[in-house]
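Encoded as structure tokens, the structure appears first; notes follow it.
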Amino acid sequence: MSAFVVEPSKRGIAGALPRAAARAVLLVAGLALLWGVWEGYRWLGIRGHWTWPFEVNDTNMPHISKIWHAFGQPLQPDGPPLRHYLWHWAIFTGKEALAGFALGAAIGFFLAVALSQSKVVRRGVLPYIVVSQTVPILAIAPMVVVGLGTKGVTPWVSVAVIAAYLTFFPVAINTLRGLLSPDPEALELMRSYAAGRWKILWRLRVPTSLPYVFSALKISATASVIGAIIGETPASLQGGLGYAIVNFNQYYSIQPANLWATIIVCALLGIVFFLAIVVLERLVLKRAPENFA
Amino acid sequence: MSTIVQPAPRSVGRRVGRTALDWIPALAVFVLGIAAWQGLIAAFHIQEFLLPKPTSIAQAFWAQKSALWSQGIYTFKEALGGYALGCGLGILVALLFAAWRVLSSAFMPYAVAANAIPIIAFAPIMNNWFGLLNPFSKMAIAAVLCFFPVMINTLRGLTSVHPSSIELMRSYAAGRVSLFRRVRIPNALPYMFTGLKIATVLSMIGAIVGEYFGGPTEALGVKILNDSSYGNFTDAWAGIVMASLLGIVFYAVVALAERLTTSWHPSARAFHTE
Amino acid sequence: MNAVSIKGVSKQFKAGVTALQGIDLDVEPGEFVSLIGPSGCGKSTLLRIIGDLTKPTAGTVEVNGKPAERARRDHEYGIVFQDSVLYDWRTVAKNISLPLELLHWSRSKRNARIKDMLELVELTGFENHHPWQLSGGMQQRVSIARALSFSPSLLLMDEPFGALDEMTRERLNAELLGIWQETGSTVVFVTHSIPEAVFLSTRVVVMSARPGRVAGLIEVDLPQPRTSATREEPHFFELVTQVREQLAAAGAPLGETQEPALVEDQA
Chain A
38 MSAFVVEPSK
48 RGIAGALPRA
58 AARAVLLVAG
68 LALLWGVWEG
78 YRWLGIRGHW
88 TWPFEVNDTN
98 MPHISKIWHA
108 FGQPLQPDGP
118 PLRHYLWHWA
128 IFTGKEALAG
138 FALGAAIGFF
148 LAVALSQSKV
158 VRRGVLPYIV
168 VSQTVPILAI
178 APMVVVGLGT
188 KGVTPWVSVA
198 VIAAYLTFFP
208 VAINTLRGLL
218 SPDPEALELM
228 RSYAAGRWKI
238 LWRLRVPTSL
248 PYVFSALKIS
258 ATASVIGAII
268 GETPASLQGG
278 LGYAIVNFNQ
288 YYSIQPANLW
298 ATIIVCALLG
308 IVFFLAIVVL
318 ERLVLKRAPE
328 NFA
Chain V
633 MSTIVQPAPR
643 SVGRRVGRTA
653 LDWIPALAVF
663 VLGIAAWQGL
673 IAAFHIQEFL
683 LPKPTSIAQA
693 FWAQKSALWS
703 QGIYTFKEAL
713 GGYALGCGLG
723 ILVALLFAAW
733 RVLSSAFMPY
743 AVAANAIPII
753 AFAPIMNNWF
763 GLLNPFSKMA
773 IAAVLCFFPV
783 MINTLRGLTS
793 VHPSSIELMR
803 SYAAGRVSLF
813 RRVRIPNALP
823 YMFTGLKIAT
833 VLSMIGAIVG
843 EYFGGPTEAL
853 GVKILNDSSY
863 GNFTDAWAGI
873 VMASLLGIVF
883 YAVVALAERL
893 TTSWHPSARA
903 FHTE
Chain H
1425 MNAVSIKGVS
1435 KQFKAGVTAL
1445 QGIDLDVEPG
1455 EFVSLIGPSG
1465 CGKSTLLRII
1475 GDLTKPTAGT
1485 VEVNGKPAER
1495 ARRDHEYGIV
1505 FQDSVLYDWR
1515 TVAKNISLPL
1525 ELLHWSRSKR
1535 NARIKDMLEL
1545 VELTGFENHH
1555 PWQLSGGMQQ
1565 RVSIARALSF
1575 SPSLLLMDEP
1585 FGALDEMTRE
1595 RLNAELLGIW
1605 QETGSTVVFV
1615 THSIPEAVFL
1625 STRVVVMSAR
1635 PGRVAGLIEV
1645 DLPQPRTSAT
1655 REEPHFFELV
1665 TQVREQLAAA
1675 GAPLGETQEP
1685 ALVEDQA
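Residue numbers (the numbering used here), protein chains in the order written: chain A, 38 to 330; chain V, 633 to 906; chain H, 1425 to 1691.
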């Protein structure tokens, strides 16, 4: 009999603390390594006057410490520090992303449910769902914002719509895969209980599809943040991270650290969204979330 | 598994053509969709500038076709360059991670975290580093976008080998290199192609959105953006159609390559929808 | 010199599970020995120890007079698993030639041997098929052909017919006996099925539940060559009963247990 690993790992409190500590140490070590690589490359590049692949100077690669300091510097004289603004902008963009995520996930889910019921409809509609992602939505972003604006929709809702557009696709595709994944025998069992189409759907297909759904939600979490950030840029929507990027980009040569600081906040926002889904998955599925590999 | 013995595989043409009939529903939806679009605009008097009629878009497309083509190719080259770079690195790193699991467990959390970062936010930095007008700044974005799906999928394929298979190779006293060459790599091909297909779409998006933050006028993304800002939505849509077409063709080419090289894989499709 | 010589072998897993304890067993060349026992008795583990796919925590194993590890490196045995472990991207012919490629045989030599092997397992004509186009029984025949392709003197088999239906199983049993006699190899065969063990073997080793020990050895003195008629002889039933009683005496398990990690993936 072909056997697989059954050795019980150190679960429980006894195992949790050293594991968490190890992970924290690894995280710090990793960040330190990143810092070292950055500063090392910078030092070498300036000394050696490297111009390829890009010119290494103070503007292109500011000191990490300078970026760190920028968080504490006021934007206007006697005004609040940058981190104050970044926090509010992050909340603003985060709200758009969250709304878009919720909307897109709901649409994706129900679309998948609809498609799971008919092979012909699937064959007809699925290609367009795939094609929809080849349309560079971000290029349509200005049109969406302006268009919806004339209908009286506030700009941030339009941004949420763009975020939803990026969210629905992975959710739809993965949920569909999950809904169609039950064994033929599992289906036969339900039918032997005289369970109708909808009972089968809610009692078998949907629970089976949950791991797939979460796998998609993790991708979508990031996608919704991307959608929100980019969606803000054409509308010149003040108050969000997208606008901040465009703005700081204009003044990059004067104060490069500000743009970097903003990008770091964007990165953190994406990671926070991702981690939120990971935690949610752990709660709902009551097992270790599937690592990407 | 006890399937009836089937005859040996047919020719390439047959294998690809077999699915032609499957496309009829999709074709029907396309025709219906376009007709509905046209009809709804007329019925609800939707202003041209909000959502142009398909016929207007088609006209605009045809009128500008040579300009659209050269702009499209310009952007496509950026996407292609980024694709080659990102996928190449992704496959390389996957091979390294599969060969030395230590690397994998050490770096995987970072890869996962990095994947959660909105890469697009780095577009302005790339423009600053490599120059607004330099196509490489857009290639870099496309490359980063392609890297993760390819790396993650290829790694999964390299490592999802049946334990008995490893035992078999051990029984032959086969070394690690042999194991890689003869088992892990062929096993990984279908997974790799899944990643490569995803990456085609991402590379186009990366190139276009990269141009969004600034680029030369001969780029498609810049043209779309300019048309939008001046309110020429019909022209912008024509540009979007071009971008879409290029993305679809790119995807189809890779899908074809997949079918030709992994025809041995019983489920040659990316995933089961039937 | 014995084909396989096991002395005092014990195997303990990291989790504190003792799979095998104090196993002593000698297999003479040309024997067909079955290992049978309840789930979790360590018979698969023992097979893998013979093949040096896992190391014992105590004791020694020799194959053809060499330590197990050297025997593996010298390709002294072929192994067949319950899963046929055929590679989808290789045709039947190329699957069989896999070990031969690893042994750096020339192409002409490989092709000749593949032809012989296909004849041996009665699959001539299927060279260019892919594994998924074959039935389960046929896949296992390819797996056997591959295991014997380089003519090892020892064949290790881990419940190779476990996933097949009864009729296919009986047919393959008969075929396997034919192959065994034609090649003159020694076979160590792990199985769950008492009739299969009795039908195939010259000797049946009955193992006890965890920790696995040798509970009994039963000589199967049925005449060769064995056919389906053999299954209907009274002596066959007597032997089957003997094995069954021996198994019962060795202790039935409390429930299905799985054997812990058998492969330390060193990839």
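We put the CB at the ideal spot given by N, CA and C, even for glycine.
These figures come from a predicted structure and were not determined experimentally.
Contact check, residue i vs residue j, beta carbons under 8 Å
| i | j | result |
| --- | --- | --- |
| T212 (chain A) | A127 (chain A) | no |
| K770 (chain V) | G847 (chain V) | yes |
| A1569 (chain H) | L1596 (chain H) | no |
| T96 (chain A) | S290 (chain A) | yes |
| V198 (chain A) | G137 (chain A) | yes |
| T707 (chain V) | L852 (chain V) | yes |
| P118 (chain A) | G109 (chain A) | yes |
| E799 (chain V) | S702 (chain V) | no |
| V181 (chain A) | S169 (chain A) | no |
| L1641 (chain H) | R1627 (chain H) | yes |
| L1578 (chain H) | R1565 (chain H) | no |
| P173 (chain A) | A875 (chain V) | yes |
| G1461 (chain H) | G1446 (chain H) | no |
Residue i at chain V interface by Cβ criterion, 8 Å
| i | result |
| --- | --- |
| L216 (chain A) | no |
| L1578 (chain H) | no |
| A313 (chain A) | no |
| N286 (chain A) | yes |
| R1565 (chain H) | no |
| I101 (chain A) | no |
| H1616 (chain H) | no |
| G1475 (chain H) | yes |
| L317 (chain A) | no |
Beta-carbon neighbours of residue i, restricted to chain A and to distances below 8 Å
| i | result |
| --- | --- |
| M836 (chain V) | T171 and P173 |
Cutoff 8 Å: residue i Cβ touching any chain A Cβ
| i | result |
| --- | --- |
| G847 (chain V) | no |
| D867 (chain V) | no |
| W732 (chain V) | no |
| A660 (chain V) | yes |
| Y804 (chain V) | no |
| F762 (chain V) | yes |
| V841 (chain V) | yes |
| N864 (chain V) | no |
Which residues DSSP lists as bridging residue i, in chain order
| i | result |
| --- | --- |
| T1484 (chain H) | H:K1431 |
| D1582 (chain H) | H:V1614 |
| E1643 (chain H) | H:R1627 |
| K1490 (chain H) | H:V1487 |
| G1636 (chain H) | H:L1444 |
| P111 (chain A) | A:P118 |
Listed by chain order, chain A residues near residue i by CB distance under 9 Å
| i | result |
| --- | --- |
| G879 (chain V) | V168, Q170, T171, V172 and P173 |
| P756 (chain V) | I282, V283, F285, N286, Y289, L296 and I300 |
Closer than 7 Å at the beta carbon, the chain V residues around residue i
| i | result |
| --- | --- |
| H1554 (chain H) | W896 |
| G67 (chain A) | Y742 |
| P179 (chain A) | S860 and S861 |
| R1537 (chain H) | Result: empty, since nearest Cβ-Cβ is about 15 Å, beyond 7 Å. |
CB contact check: residue i to chain H, cutoff 8 Å
| i | result |
| --- | --- |
| V648 (chain V) | With a pLDDT of only 47 at V648 (chain V), under 50, the local geometry of the prediction cannot be trusted, and the value read off the model is given with reservation. By this cut-off, V648 (chain V) is not an interface position. |
| P818 (chain V) | yes |
| S797 (chain V) | yes |
| L892 (chain V) | no |
Where residue i meets chain V, residues with beta-carbon distance less than 8 Å
| i | result |
| --- | --- |
| P1523 (chain H) | Y804 |
| R1634 (chain H) | By Cβ distance, chain V contributes nothing, its closest Cβ being about 21 Å from R1634 (chain H), past 8 Å. |
| H1659 (chain H) | Near H1659 (chain H) there are no residues of chain V at all, since even the closest Cβ is about 33 Å away, more than 8 Å. |
| R1496 (chain H) | R802, S803 and A805 |
Under 8 Å by beta carbon: chain H residues contacting residue i
| i | result |
| --- | --- |
| L800 (chain V) | I1503, F1505 and V1509 |
Residues that residue i contacts on chain H, provided the C-beta gap is smaller than 7 Å
| i | result |
| --- | --- |
| S810 (chain V) | L1526 |
Amino acids of chain V, ordered along the chain, whose beta-carbon sits closer than 9 Å to that of residue i
| i | result |
| --- | --- |
| D1512 (chain H) | P818, N819, W896, H897 and P898 |
Inset, instruction - Could you tell me which uninterrupted alpha helix (DSSP H) segments, each at least 4 residues in length, are contained entirely in the stretch 682-737 of chain V, listed from first to last along the chain? - result: Annotation: the stretch 682-737 of chain V contains the following complete segments of the alpha helix (DSSP H) (minimum length 4 residues), in chain order: 686-695 and 697-731.
Inset, instruction - Any chance you could list the alpha helix (DSSP H) runs of at least 4 consecutive residues sitting entirely within the stretch 42-109 of chain A, in chain order? - result: Counting whole runs of 4 or more residues, the stretch 42-109 of chain A contains the alpha helix (DSSP H) stretches 49-84 and 101-107.
Inset, instruction - Please specify which runs of the alpha helix (DSSP H), each continuous and at least 4 residues long, are wholly inside the stretch 129-205 of chain A, giving them in chain order. - result: Those alpha helix (DSSP H) runs which fall completely within the stretch 129-205 of chain A and span 4+ residues are 156-169 and 174-187.
Legend entry - Segments assigned beta strand (DSSP E), at least 3 residues, entirely inside the stretch 1447-1535 of chain H: Positions of the beta strand (DSSP E) runs, each at least 3 residues long and wholly inside the stretch 1447-1535 of chain H, are given as 1456-1460, 1482-1487 and 1501-1504 in order along the chain.
Legend entry - Uninterrupted alpha helix (DSSP H) stretches inside the stretch 819-884 of chain V (no shorter than 4 residues): Fully enclosed alpha helix (DSSP H) runs of 4 or longer: 852-861.
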